[in-house]
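See structure below.
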Amino acid sequence: MLKLPAYTATPNWDMSSDTVTRPSGEMLAAMLAAPVGDDVFHEDPTVVALEQRIAALCNKPAALFCTSSTLSNQLAIRTHLCSPPESLICHAQSHIFQHESAGASMHSQAMMIPVAPATTDNLTVEDVRRAFVWPEPVGLSAPTNLVALENTLSGALMPIEDIRAISEFTRAQGAKVHLDGSRLWNAAVAEGRELSAYATHVDSLNLCLSKGMGCPVGAMLVGDEAFIERARRFRKAFGGGWRQAGILAAAGLYAIEHVWPTMRESHRLAKKLADALAALGFVLVLPPDTNMVVVEGPPAVASSATMLIDSVQERGVRLSPVYQGSLRIVLHHQISEECVDIVIDTARRMFG
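This is the structure:
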């Protein structure tokens, strides 16, 4: 008989990402108790309950339970863009552009227009207007029919005023707006807003359940009924239909009640860590608005970020490798203040 290793509910101080969270015993109990059915036929009662709950939180008519945010985002793109050649505008550092295997071109025959913001960390309506491609009679271009935003992006908030302005401009051109809100849960907590405050400005919305929400699997695609019905068909075509998915949906329902409210503490710890590192000469690449601290090491010390990674590893704390010159430290509900204090103490010993 195959002998499985003992299950450990809490990681050993892993700050490499918020995707490393593991379900608690209480979440696992909720999963085991979930009533299930066949979701391909829309007959799983727990999946239906989660979809209805998410739709209500966003004040949208419908939602679709997906395996991942990548699938959810790609379904949104494929559902919105139905008449190639078409283009979509996105942030140059967005997940859709950087980390989804060129899915828009593969699945939707869409040209992506990555935009580096001109004046701020996030896209503004001026950035979108500058990149927008309008139809022209000769047919030389791929008209823009979708603008894809992301909030948060590397932990930094996108001001809701910019979301509103971009939405108004984009919709006036007859195009759609999608929001990759994988970590919108964090944004809502940080700004004290309902999810619906963001959702009202977009035509579709992705919410991840397996990052800061702590679920093992899952993301939600939200929109109107016709959009979700079409996305459901594409989900099946993409191989994303599943059967007794209520076991996983139950984790999402649990997280909404028990994990989401803990994010404020993660944000506090991120700010504490950011302030301490800044005092030691680390340069904040982005504002620590939510659960992430993105820094470059003190300029006076070569390879300082890598040195810190190696040193805290010896004390049981895992950080992600330096990427594009920056160190990204991610807080989540399974990171304690003791863990943060170890990183701060190590940095002070090295650079103080």
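In the working numbering, the protein residues as written are 204 to 555.
We put the beta carbon where it would ideally sit given N, CA and C, even for glycine.
Met423 and Leu408 have their C-alpha atoms some 8 Å from each other. Assignment of Cys411 by DSSP, reduced to helix, strand and coil, places it in the strand class. A check of alpha carbon separations from Pro491 across Ala237, Ile532 and Gly555 identifies Ile532 as the nearest. With 16 or more other Cβ atoms from the protein chains shown falling within 10 Å of its own Cβ, Asp330 counts as buried. With contacts defined as CB atoms closer than 9 Å, Arg438 and Leu278 qualify as a contacting pair.
In the three-state DSSP reduction, Met234 falls in the helix class (H, G or I). Non-local beta-carbon contacts of His404 in its own chain, meaning distances under 6 Å to residues more than five positions away in sequence, involve Ile366, Arg367 and Ser370 in chain order. Residue range Ala422 to Gly426 is occupied by the beta strand (DSSP E) that includes Gly426.
The three-state reading of DSSP puts Met314 in strand, counting E and B together. The closest CA to that of Trp337, considering only Phe244, Arg518 and Asn348, is found on Asn348.
By the Cβ rule, the region 395-403 does not count as touching the region 236-256, because fewer than three pairs are nearer than 8 Å.
In this chain, Asn494 is not harboured by any alpha helix (DSSP H), its DSSP state being neither H nor E. In this structure, the beta-carbon distance from Ala448 to Phe268 falls below 9 Å. Sequence-distant partners of Val380 (beyond 5 residues in either direction) whose C-beta falls short of 6 Å from its own C-beta, in its chain, are Val350, Ser370, Thr373, Val405 and Asp406. Excluding its 5 nearest sequence neighbours in each direction, Ala390 has C-beta neighbours in its own chain below 6 Å: Asn354, Thr355 and Leu360, listed in chain order. Shown here for Glu303: same chain residues with a beta carbon closer than 8 Å to its own, the five before and five after excluded, namely Thr273, Asn276 and Gln277 in chain order. Beta bridge pairing from DSSP links Thr347 with Ser290. Inter-segment contact for the region 286-297 and the region 313-332 is present: three or more beta-carbon pairs are separated by less than 8 Å.
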